[in-house]
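Counting from 1, position 445 in the sequence shown corresponds to residue 445 in full-length UniProt numbering; the numbering is continuous, with no gaps.
Yeah, the Cβ is synthetic: ideal placement off N, Cα and C, and Gly gets one too.
These notes concern the structure reproduced below.
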Amino acid sequence: MVMSMVPATLASADEETGKVYYLNFKPEQATQWEDLAAKYTDETGVQVDVVTAASGTYESTLKSEMAKAEAPTLFQVNGPVGLATWKDYCYDLKDSEVYKHLKSDDFALKNDDGSVQGIAYVIETYGLIYNKKLLNDYMATDGAVISSVDELNNFETLKAVADDIQAKKDDLGIEGAFASTGFDSSSDWRFKTHLANLPIYYEYKADGINSTDAIKGTYLDNYKQIFDLYITDSTCEPTVLSSKTGEDAASEFALGEAVFYQNGTWAYNDIKDNEVADEDLGMLPIYIGVEGEENQGLCTGSENYWCVNNKASEADIQATLDFMNWVISSDEGRTSLSQDMGFVTPFDTFTEEYQAQNPLVTAANEYIDAGKESVAWCFTTMPSENWKNGVGSALLEYAQGTGDWDAVKTAFVDGWATEYAEQNEGAVEDATEAASEADTEAASEADTEAASEADTEAAETETETATEAA
Numbered sequence: 001m002v003m004s005m006v007p008a009t010l011a012s013a014d015e016e017t018g019k020v021y022y023l024n025f026k027p028e029q030a031t032q033w034e035d036l037a038a039k040y041t042d043e044t045g046v047q048v049d050v051v052t053a054a055s056g057t058y059e060s061t062l063k064s065e066m067a068k069a070e071a072p073t074l075f076q077v078n079g080p081v082g083l084a085t086w087k088d089y090c091y092d093l094k095d096s097e098v099y100k101h102l103k104s105d106d107f108a109l110k111n112d113d114g115s116v117q118g119i120a121y122v123i124e125t126y127g128l129i130y131n132k133k134l135l136n137d138y139m140a141t142d143g144a145v146i147s148s149v150d151e152l153n154n155f156e157t158l159k160a161v162a163d164d165i166q167a168k169k170d171d172l173g174i175e176g177a178f179a180s181t182g183f184d185s186s187s188d189w190r191f192k193t194h195l196a197n198l199p200i201y202y203e204y205k206a207d208g209i210n211s212t213d214a215i216k217g218t219y220l221d222n223y224k225q226i227f228d229l230y231i232t233d234s235t236c237e238p239t240v241l242s243s244k245t246g247e248d249a250a251s252e253f254a255l256g257e258a259v260f261y262q263n264g265t266w267a268y269n270d271i272k273d274n275e276v277a278d279e280d281l282g283m284l285p286i287y288i289g290v291e292g293e294e295n296q297g298l299c300t301g302s303e304n305y306w307c308v309n310n311k312a313s314e315a316d317i318q319a320t321l322d323f324m325n326w327v328i329s330s331d332e333g334r335t336s337l338s339q340d341m342g343f344v345t346p347f348d349t350f351t352e353e354y355q356a357q358n359p360l361v362t363a364a365n366e367y368i369d370a371g372k373e374s375v376a377w378c379f380t381t382m383p384s385e386n387w388k389n390g391v392g393s394a395l396l397e398y399a400q401g402t403g404d405w406d407a408v409k410t411a412f413v414d415g416w417a418t419e420y421a422e423q424n425e426g427a428v429e430d431a432t433e434a435a436s437e438a439d440t441e442a443a444s445e446a447d448t449e450a451a452s453e454a455d456t457e458a459a460e461t462e463t464e465t466a467t468e469a470a
């Protein structure tokens with residue numbers, strides 16, 4: 001999907017009322033945001049422009065748009081790492097209505113001084129979405145590895161089931177066990193970011209940490225075996241993965257051509273109203289062969305934090321805050337987020353009638369209710385987009401047979417240390433530059449003050465001399 005800009009209306013908003021420019025991160029919900037913005041404009045007369053960045057290009061699009069005179073007033077960061085880049089542009093939201101309605105501070109990004117610089121607006125979950133009907137069809141075959149989905153609770157069993165499904169794909173009338181592992185920019189994030197989260201999560205858990213400047217790659221062999229399974233038991237040959245898109249994978253699953261599809265609760269809009277009925281949608285954890293994973297749940301968290309541009313005019317900032325509050329408190333806004341977009345939100349305004357009617361959300365809640373241990377979204381600590389791209393390129397070459405797994409390890413481990421150092425060096429340089437500018441400004445003010453004092457003193461002396469002469 002290309003970046004698109006849709007003004008909610010052509011009606012102009014004067015400078016006193018301000019206007020809103022929202023740079024949306026999620027292409028899957030672009031149309032819904034545009035419709036919601038139009039409703040707000042119809043109701044209030046305030047202009048709201050929605051721009052949606054193409055998949056995988058949000059950071060570069062944000063940098064480009066922020067350099068313009070008409071910059072976004074509302075934008076997103078993915079967590080602490082993203083905030084580090086944009087913190088100087090973030091308006092303090094601690095007195096905003098949106099922050100007051102947050103159920104927990106766990107969903108806010110705070111600065112050291114206590115200011116609230118980002119607020120999560122959606123809590124999401126991902127794992128292995130599966131087609132219950134197709135899995136039941138498989139379990140009815142002779143020699144099926146499992147007789148109940150409850151037995152599918154570790155990597156060893158997942159591999160045995162997937163291999164057997166792949167061997168019986170013609171009898172089952174499908175193309176493969178797993179939907180295609182595409183490495184087009186609309187799809188590669190599922191593997192270089194979301195799948196890569198698993199080995200990072202388990203390393204952090206084992207080491208008792210929340211982030212690191214030097215990942216060790218303790219669980220990269222586990223990462224390899226789940227990735228290998230995706231490739232070998234797929235709907236397509238590895239040679240075509242570079243051009244396979246996110247839409248391809250969604251379509252394969254939605255049309256009943258694959259049993260498993262790695263994605264999240266947000267994918268429901270791409271799946272519904274096709275061959276797979278809502279009651280046939282389920283979700284499994286992504287098992288990678290770690291000890292004790294039978295108690296593992298789904299991957300739950302957020303990489304969607306609203307930030308308000310503090311460089312915008314006061315009128316535009318207020319207009320943006322008003323729009324955000326309307327989105328989470330009005331009937332139209334709550335219905336859109338929960339029903340049309342299928343979001344689970346962290347706000348207390350979303351009462352029972354505004355809960356998402358999304359079978360994938362229901363599946364996610366079942367794991368929580370069963371006491372399974374949710375996998376945290378550690379990928380928000382990945383050092384940079386360059387790191388993700390390096391891992392993604394190495395994964396694709398490995399999958400296509402033009403590279404080896406050692407290159408993936410190098411991109412993962414060495415690339416992490418390099419990118420982390422470069423990112424922090426940049427932060428130090430920015431801080432040094434800011435300090436230098438502050439020193440220069442202070443020196444300039446001191447010079448001006450000294451000159452002013454000298455002029456005053458000279459004037460007083462001149463006055464005294466004139467008085468004596470008189």
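Option nearest residue 280 by Cα separation, candidates 113, 90, 132:
132
Cβ of residue 27 within 8 Å of Cβ of residue 380?
Going by beta carbons, residue 27 and residue 380 fall outside the 8 Å limit.
Could you give the C-beta distance for residue 154 and residue 287, rounded to a whole number, given that I count them as a contact under 8 Å?
5 Å
Drop a sphere of 10 angstroms on the beta-carbon of residue 311, count the other beta-carbons inside from all chains shown, and report buried for 16 or more, exposed for fewer.
exposed
According to DSSP, what are the bridge partners of residue 110?
116
Okay, do the segment 329 to 346 and the segment 228 to 247 touch, 3+ Cβ pairs below 8 Å being the bar?
No, they do not touch.
Does the segment 408 to 427 touch the segment 212 to 226, meaning 3 or more C-beta pairs lie closer than 8 Å?
Because the criterion of three Cβ pairs below 8 Å is met, the segment 212 to 226 and the segment 408 to 427 touch.
Whole angstroms are fine: how far does the CA of residue 203 sit from the CA of residue 349?
37 Å
Considering only their Cβ atoms, is the gap separating residue 266 from residue 56 smaller than 8 Å?
no
Given a cut-off of 8 Å, decide if residue 201 and residue 375 are closer than it, judged by their beta-carbon atoms.
yes
The segment 391 to 404 / the segment 88 to 99 touching (three or more Cβ pairs under 8 Å):
no
Could you please give me the residues that DSSP links to residue 373 through a beta bridge?
Under DSSP, residue 373 forms a beta bridge with 296.
Would residue 76 pass as a contact of residue 306 if the rule is Cβ separation under 8 Å?
yes
Taking the straight line between their C-alpha atoms, what separation do you get for residue 425 and residue 114?
25 Å
Assigned exposure category for residue 369 - 16 Cβ within 10 Å defines buried
exposed
Kindly provide the ranges of any beta strand (DSSP E) runs that are 3 or more residues long and lie completely inside the segment 18 to 90, ordered along the chain.
20 to 24, 48 to 52, 74 to 77
Using the three-state DSSP reduction, which class does residue 167 fall into: helix, strand or coil?
helix
Is residue 209 buried or exposed, if buried means 16 or more other CB atoms sit within 10 Å of its CB?
exposed
Once you ignore the five residues that flank residue 325 on each side, which residues in its own chain have a CB closer than 7 Å to its CB?
Excluding residues within five positions, the ones whose Cβ falls inside 7 Å are 97, 98.
From the DSSP output, read off the bridge partner residues of residue 127.
263
Tell me where the alpha helix (DSSP H) around residue 396 begins and ends.
Here the alpha helix (DSSP H) through residue 396 covers 385 to 400.
Would residue 19 pass as a contact of residue 47 if the rule is Cβ separation under 8 Å?
yes
Cα-Cα separation between residue 249 and residue 372, rounded to whole angstroms
28 Å
Residues bridged to residue 327 [DSSP beta-bridge criterion]
Residue 327 is bridged by DSSP to nothing; it lacks a bridge partner.
Kindly list the residues whose CB is nearer than 7 Å to the CB of residue 146, restricted to its own chain and excluding five residues on each side of it in sequence; keep chain order.
139, 152, 157, 161
Based on the DSSP secondary-structure assignment, which residues constitute the bridge partners of residue 305?
77, 120
Beta strand (DSSP E) containing residue 283: first to last residue?
281 to 284
Close Cβ partners of residue 347 (< 6 Å) along its chain, the five nearest in sequence each way excluded
101, 328
Best match in 185, 166, 345 for proximity to residue 125 [C-alpha to C-alpha]
345
Taking the straight line between their C-alpha atoms, what separation do you get for residue 291 and residue 319?
51 Å
Of the choices 322, 264, 134, whose alpha-carbon is the least far from that of residue 343?
264
For residue 223 versus residue 238, is the C-beta spacing smaller than 8 Å?
no
Determine the extent of the alpha helix (DSSP H) in which residue 178 is found, giving its start and end residues.
Premise fails: residue 178 lies in the beta strand (DSSP E), 176 to 178, not in any alpha helix (DSSP H).
Output the boundary residues of the alpha helix (DSSP H) element that contains residue 225.
220 to 232
Which runs of the alpha helix (DSSP H) spanning at least 4 residues fall entirely within the segment 135 to 217, listed in chain order?
155 to 167, 169 to 172, 197 to 207
Output the boundary residues of the alpha helix (DSSP H) element that contains residue 251.
First-last of the alpha helix (DSSP H) with residue 251: 246 to 254.
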